[in-house]
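K.L.:
Please find one structure pasted underneath; my questions will follow.
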Amino acid sequence: MTKPLALAIKWVLIVATLAGILWIATKLAQAGNTMAVVIAGLVGMGILAVYSTRRSVPLKYLVPGLLFMILFQLWPVLYTASLSTTNYGDGHLYSKEESVTDIIAQSVREVPGTPRYKMSVAIAEGGDPVTADLVLLLTKPDGSTYVGDKSGLKPLPASGVEKTSIGKITKAPGYTVLTARQANARSKDLSAIAVPTSDGGGIKPVGLSEAFEGKATVTYDASADKLTDAGTTPPTVYAPKDAKWVNVADPTQSFPQGWKENIGLANYSRIFTDSTIRSGFLSIFIWNIAFAILSVLTTFLLGMLIALLFNDPRLRGKAIYRSLLILPYALPGFVTALVWKGMFNQDYGIINQTLNISVDWLGTPAGAKAAILITNLWLGFPYMFIVCTGALQSIPQDVREAATIDGANAFRTLRSIIMPLLLVAVGPLLLASFAFNFNNFGLIYLLTKGGPFNGADTSIGSSDLLITYAFRLAFSGSAPNYGFAAAVSVIIFLLVALMSIPGFRRTKALEEVN
Amino acid sequence: MHKRALGAAAVTGVAALALSACGGSSPTTPSDTGAAGTSKAATTTGVPETPSGTAAPVRDANVDLVIWTDADRSKAVQKYADQFAAENGVTVKVQISTDTRAQFKDATKVGKGPDVIVGAHDWLGELVQNSTVAPVNLSSDVAAKFLPKAIEATKFNGQSYGVPYAVENIGLMYNKDLVPNPPKTMDELVATGEKLVKEGKAKQVLSQFVSKVGNAYFAYPYLSAFPEGGIFAIKPNGDYDPNKVIVNTPDSVKGGDVLAELGKKKVLSTNVDDTNQDALFDTKAAPFMISGPWSVAKAKEAGINYGIAPLPSLTGGGAMRPFLGVQMFYVSSKAKNAALAQEFVTNYIPRKDVQLALFEVGKRPPALKEAYAEVAASDPDVKAWYEAGVDGSPMPNIPAMNSVWGPFGQATADIIAGKAGAKERLDAAAKEITANIAKG
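Right, dumping it as C-alpha cells:
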C-alpha cells in the first residue's frame, strides 16, 4: 500500500470516529448530561492526540481496548456499586420534591355537588397561541357560558357565542379558540390552570373538552416539612421517615410515593445481618459453587470420553456420529431447557413414565438439583466434546507411540501422556465454562425459577444461583429493590473475582508444561 | 497475569451485572397469563408499529399522542386512534409493547414513556407508587355507564386513574360431551369426575393451574368461598387494607383444608401448570378445567364441545368467588401530551363502538354496560364468563399485593402437595407476607 493512501485511510477513520463521538455527545447534550458531554469531548481529544501523531505507539494499540473496557466493564461495575448505596427501587424512584408534587396533584378530588363544564381552551383575541395566557371558555349543563382565568370565573355574554351540539364553545367574541394541537402543545400550562372558585377549589380541565371543579386535599408545609391531608377528619399529618411520608398518628399508614435517597452501607449490612438472607446467601453460594464445579466436571468427563471414543482410528462413520452429537449444542438452549422441564414433570413427564418411577423432580430440592445437572449435562457435553476432539487431534501420534514402546498400557497412556497435554489446551476453557455456569441464569430460570421454595421463605429457592436470587430481588418478588440487588451483585462480582485469581494462576502453571 | 485474571473476573462480573440490569419481569399476574393465552390468535400485521424482539418501543418525538399496548389490542386501538386523530387534526401513534408494565415504568423514568397505556387494573398501586400515572376524572354520569365493579377497580385511595374497557375472571369450563350439566358443588364435580375416570372416559378429574410454586390467583377462590376467607381485609372505605392479612383466619384455613383434601384425591396437582393446563382439557384427559376467557380459543380449535359455568360451591362455605381483572386505559403522569391523552381516554374509550371493537380482539366481557348487553345477547360465552364473575371482587391493586403472590402461591402448592398442613402453612405464609409488606 502506498503511503499517501494509508495516510488517507487513517484520517478517514479518525474523522469517522470523531464524528461518532460528536453524535453521541449531541445525544448526551439533549439529555442534559453535561458531565458526560465533557468526558466525550476529552475522549475525542485523546483519540486525536494518540492517532494523529507519531508518538505513543503502544497507546495506539491499547486505546480501543481500554475505552471499551471502561465503557462496558468498569462503568457498569461502578454504576452498580454507586446504586448499591441507595434505596432505589419501587416507590423510591424520584426525588423528595417530586414525591410532594405528585402526592398533592393526585389528591385533587371533585368538589361534591359541583357541575361539570363543557370546555374550550382559548386565548384573548390577537394573542400568540404559543405564549399568550390561556383562558377556559366554559358551558354549564344549563347552557350558561363563562370565561375562566387566573382571576376567577366571569359570565360570558351569549351574543356571538357559537356552540357545538354538546355545548362546547367554538367561537366567542374577543377570544380565539385554540385547535386541539395548539392546546395540546400547552399541556403543561393547562395542567397548571385552576380557575379559583368561591369555596377554595379550582376549575380544572379534563382533556380538551371538559372541566371540573376540584380541590387538592393535601398541602405541604415546607418549613415544618410535613404533609397535611384535609380529606380526613381530623386532618392527617404525614412526616418524612425512611424515605416515605408516614402518618404521625398511625405509623402503619403512609403515602405509597416515597423518594430515592442515599442510605450508605445499609444494603450491605442487611446482607450480613438479616438472618434469613445470611443463611440463605450461604446455602445459595455453596450450591452455586457445587453446581458450577459439577456442571464442568460432568460435561467435561462425558465430552472427553466420547471424544476419546471417536478419536479411535478404527471407528467408521465418525462424521455422522460427530454431527449427531453436536445437535444438542446446535439447538437453542431455551427450547431444550423447556423441553426438559416437560420431561421432568412428575405425572406427565416422559422420564417418570418410561422408567415407571414417580420422582418429584422439580418439587423437591434434591430432585430439582439433579434435574438441573442432568439438563446442563445434555446442553454442555457437546461443547466439551468438540473442544476435546480438537485438542486430541493436535496431540502428535509419535508421543503415544513412544509411550506404547515404553510399555505403557492404554490407561497409563491416557493418564500420563494424553490427559496432561489435553488439559493444557482445554484448561482455560474449563475455567471459562466454570465462570459461565456460575452465572448460568437462563437454565435455572427456565427449569425451576430457583424453586422449589421451602416452608415460610419464598425469597430463597433451593436451586437458586446467586444471579437468579439477585434477579428476583431486583425485578420481581415482593418489592423490586434495585439498590439491594445492586449490593448483592457487587458481592457476587467480588466473589467471582476472588475465585478467578487462583484459577488463572493454575492455568499459568499448566501452560508451563509446554 | 493479574491483569488478565482481573479482566476475566470483570467480564464475568459484568455479565452478572448486565443480566441483573437487562431483565424486566414482574410477578406473573393472571392478566399476563391472559395476554399470553390469546396472543396466538391475534395478528400484528397492519398499521401498528411492531418492535423488534422484546425491546421497548422507541417514542416518536414528532407525534402528538403516543399509545402503548400489547400486540393483541393494537389493531382495535389503532382504528379509533386514527379516528381521533382525524377529528382533532392531530397525529397519533399506537406502538406495541411486549411488556407494557415494566417497559412503561422504565421508559417513563428516563422521560421517554408514552402518553397512554393499556393495561390491567392490578398494576395501579405499583404505578401510583412510582408516580407514573395521572388521575383521570370521569364525570359521574359517564362513570355510571360502567359496571360498578369495573369503576371500583380503577380507583386507588379514592382517586380514579383510568377508564376500564373489559372485565375478566376465571370460571369452570366443562366438556359437554362427558358432562351434560355443570356441577353446582365441588363434591358433585369430584364425584362426576371420578366416575368418568373409573369408566375410562377421562384420565383425571380437573385441570387447574397449580404448578410447583403455586398460583395465588387460581387458589384464592377456595379461600373466598368462606365468609371471612381471603387475602386482605376490606377497609371501611372499600379499599383493601395492606395491614390486615387474612390468609390464615379460621375461614381461610377451611379453604386451605379443601385444597389439602383435593390434593390428596389428586383432583389438584402441582404437576399441572401453564404448560399443560389447556392441553389436559383439550385432549379430553380432564372433563373439567378452571380457567379464563383466554383458554376458549384453544378449546375451540381442538374441537371441544365446551360449556362455561360459575365456579362450584364448597361444602360448609358458599360459592367460590374469583378475582376480577379489569383491563383499562391509563394516562401517564409524565405525559408530554397530557391534554390530548386525557381527551382520548375520557371521551373515546367510554364509547360503545370502541368497547365493542376492543371486545372483538380479546373476547372479554366489555366494562360498559350498554356494550356488554349487546354482546351478551349474541355471544353465550361472554354471558357465561360474566355470570361466573358476578360475585367476584376486583383483584387487589395495592402495591402490597406484590408481596402476596409468591408466599401465598407457594403455601397453596405445599398444601396441595401434602407437604404441610393448611393451618400451619397459611400461618407461615401470613407471617412472611406481613414481614415483606413491612420491608417494602
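So the sequences go chain by chain: A and B. Quick note on numbering: the first sequence equals residues 1 to 514 in this note's numbering. Quick note on numbering: the second sequence equals residues 515 to 954 in this note's numbering. By construction, the Cβ of each residue, glycine as well, lies at the ideal position given by its N, Cα and C atoms. Just so it is clear, the structure is predicted and the values come from calculations on it, not from any experiment.
Just list the residues that DSSP pairs A/His92 with in beta bridges.
P.N.:
A/His92 pairs with A/Gly89.
K.L.:
Who does A/Arg109 pair with in a DSSP beta bridge?
P.N.:
DSSP lists A/Lys215 as partners of A/Arg109.
K.L.:
According to DSSP, simplified to helix, strand and coil, what is B/Asn950?
P.N.:
The answer is helix: DSSP assigns B/Asn950 an H, G or I state.
K.L.:
For B/Pro696 and chain A, any beta-carbon pair shorter than 9 Å?
P.N.:
Judged by the 9 Å Cβ criterion, B/Pro696 is not in contact with chain A.
K.L.:
Which value, in whole angstroms, describes the spacing of the CA atoms of B/Ser553 and B/Ser645?
P.N.:
Confidence in B/Ser553 is poor, its pLDDT being 33 and thus under 50, which makes the residue's placement too unreliable to answer from.
K.L.:
Would A/Asn184 pass as an interface residue toward chain B - the criterion being a Cβ-Cβ separation below 9 Å?
P.N.:
Closer than 9 Å to some Cβ of chain B, the Cβ of A/Asn184 qualifies, so yes.
K.L.:
Is DSSP giving A/Gly390 helix, strand or coil here?
P.N.:
Residue state, collapsed to three classes: helix.
K.L.:
Looking at chain B, is there any beta carbon in it that lies within less than 9 Å of the beta carbon of A/Asp347?
P.N.:
Closer than 9 Å: yes.
K.L.:
How would you list, in chain order, the residues of chain B whose beta-carbon sits under 7 Å from the beta-carbon of A/Glu97?
P.N.:
Near A/Glu97 there are no residues of chain B at all, since even the closest Cβ is about 12 Å away, more than 7 Å.
K.L.:
Straight-line CA distance for A/Tyr520 to A/Asp199?
P.N.:
Residue 520 of chain A is absent from the model: chain A starts at 1 and stops at 514.
K.L.:
Give the DSSP-derived three-state secondary structure of B/Val845 in the structure shown.
P.N.:
Looking at B/Val845 - three-state DSSP - the assignment turns out to be strand.
K.L.:
Among all the DSSP beta bridges, which residues are the ones paired with A/Asp221?
P.N.:
Per DSSP, A/Lys226.
K.L.:
Please report whether the beta-carbon of A/Arg538 lies at a distance below 9 Å from any beta-carbon of chain B.
P.N.:
Only positions 1 to 514 of chain A appear in this structure, which leaves residue 538 of chain A out of reach.
K.L.:
Given a cut-off of 9 Å, decide if B/Thr699 and B/Pro801 are closer than it, judged by their beta-carbon atoms.
P.N.:
Not closer than 9 Å, so no.
K.L.:
Contact check, B/Tyr754 vs B/Ile912 under 8 Å by CB: the rounded distance?
P.N.:
Contact flag correct, Cβ pair sits at about 5 Å.
K.L.:
Within 10 Å of its beta-carbon, does B/Pro694 have 16 or more other beta-carbons around it, so buried, or fewer, so exposed?
P.N.:
Flag for B/Pro694 reads exposed.
K.L.:
Let me know if A/Trp245 comes out buried or exposed under the rule of 16 or more other beta-carbons within 10 Å of its beta-carbon.
P.N.:
A/Trp245 comes out buried.
K.L.:
Which residue comes first and which comes last in the beta strand (DSSP E) that contains B/Glu815?
P.N.:
Where B/Glu815 is concerned, there is no enclosing beta strand (DSSP E), although the alpha helix (DSSP H) it sits in stretches over 810 to 815.
K.L.:
Measure the C-alpha to C-alpha separation of B/Gly537 and A/Ser209 and round it to an integer number of angstroms.
P.N.:
A caution first: B/Gly537 carries a pLDDT of 34, below 50, which makes its placement in the model unreliable, though a value can still be read off. Straight-line Cα distance between these residues: approximately 41 Å.
K.L.:
For A/Ala425, which residues from the same chain have a beta carbon less than 6 Å from its beta carbon, with the 5 sequence-adjacent residues on both sides left out?
P.N.:
These residues qualify, in order along the chain: Ala391.
K.L.:
Does the Cβ of B/Asn819 have 16 or more other Cβ atoms within 10 Å, making it buried, or fewer, making it exposed?
P.N.:
Exposed: under 16 other Cβ atoms inside 10 Å.
K.L.:
Using the C-alpha atoms, what's the distance from A/Arg316 back to A/Arg412?
P.N.:
Cα to Cα, A/Arg412 sits roughly 25 Å from A/Arg316.
K.L.:
Report the option in B/Glu857, B/Arg865, B/Lys937 whose CA atom is closest to the CA atom of B/Ala599.
P.N.:
Closest option to B/Ala599, Cα to Cα, is B/Glu857.
K.L.:
Select from the region 181 to 207 of chain A all residues with a C-beta closer than 9 Å to any C-beta belonging to chain B, and list them in chain order.
P.N.:
Listed by position, the residues of the region 181 to 207 of chain A near chain B (Cβ gap below 9 Å) are Arg181, Ala183, Asn184, Ala185, Arg186, Ser187, Lys188, Leu190, Ser191, Lys204, Pro205, Val206, Gly207.
K.L.:
Would the beta-carbon of B/Met834 fall within 9 Å of that of B/Pro696?
P.N.:
No, they are not a contact pair.
K.L.:
For a test of the three-state rule: what should DSSP assign to B/Thr547, helix, strand or coil?
P.N.:
Low confidence applies to B/Thr547: its pLDDT is 36, below 50, so where it sits in the model is not reliable enough to give any reading.
K.L.:
Please confirm if the region 910 to 924 of chain B is in contact with the region 446 to 462 of chain A, defined as three or more CB-CB distances below 8 Å between the two stretches.
P.N.:
The region 910 to 924 of chain B is in contact with the region 446 to 462 of chain A.
K.L.:
Going by the CB atoms, is the gap between B/Asp787 and B/Phe723 shorter than 9 Å?
P.N.:
Yes, the Cβ-Cβ distance between B/Phe723 and B/Asp787 is below 9 Å.
K.L.:
In chain order, what residues of the region 237 to 267 of chain A put their CB closer than 9 Å to some CB of chain B?
P.N.:
Result list: Thr252, Gln253, Phe255, Pro256, Gln257, Gly258.
K.L.:
Is the beta carbon of B/Gly639 closer than 9 Å to that of A/Pro251?
P.N.:
Not a contact, by the Cβ cut-off of 9 Å.
K.L.:
In three-state terms, what does DSSP make of A/Lys171?
P.N.:
If DSSP states are grouped into helix, strand and coil, A/Lys171 belongs with the strands.
K.L.:
To be precise: take each residue of the region 787 to 800 of chain B, compare its Cβ to all Cβ atoms of chain A, and keep it if any distance is under 7 Å. Which residues remain?
P.N.:
Residues passing the 7 Å Cβ filter: Thr789, Asn790.
K.L.:
Counting only Cβ-Cβ distances shorter than 9 Å, please list the residues of the region 108 to 128 of chain A near chain B, keeping chain order.
P.N.:
Within the region 108 to 128 of chain A, the qualifying residues are Val108, Arg109, Glu110, Arg116, Val121.
K.L.:
Which residues in the same chain as A/Cys388 place their Cβ atom closer than 7 Å to its Cβ, once the five residues preceding and following it in sequence are excluded?
P.N.:
Here the set comprises Gly303, Met304, Ala307, Leu422, Val426.
K.L.:
Using 8 Å as the cut-off, can you tell me whether the region 220 to 229 of chain A makes contact with the region 872 to 884 of chain B, which would need three or more C-beta pairs spanning the two stretches below that distance?
P.N.:
No, because fewer than three Cβ pairs between the region 220 to 229 of chain A and the region 872 to 884 of chain B fall closer than 8 Å, the two stretches do not touch.
K.L.:
Name, in chain order, the residues that DSSP records as bridge partners for B/Ser721.
P.N.:
Bridge partners of B/Ser721: B/Met803.
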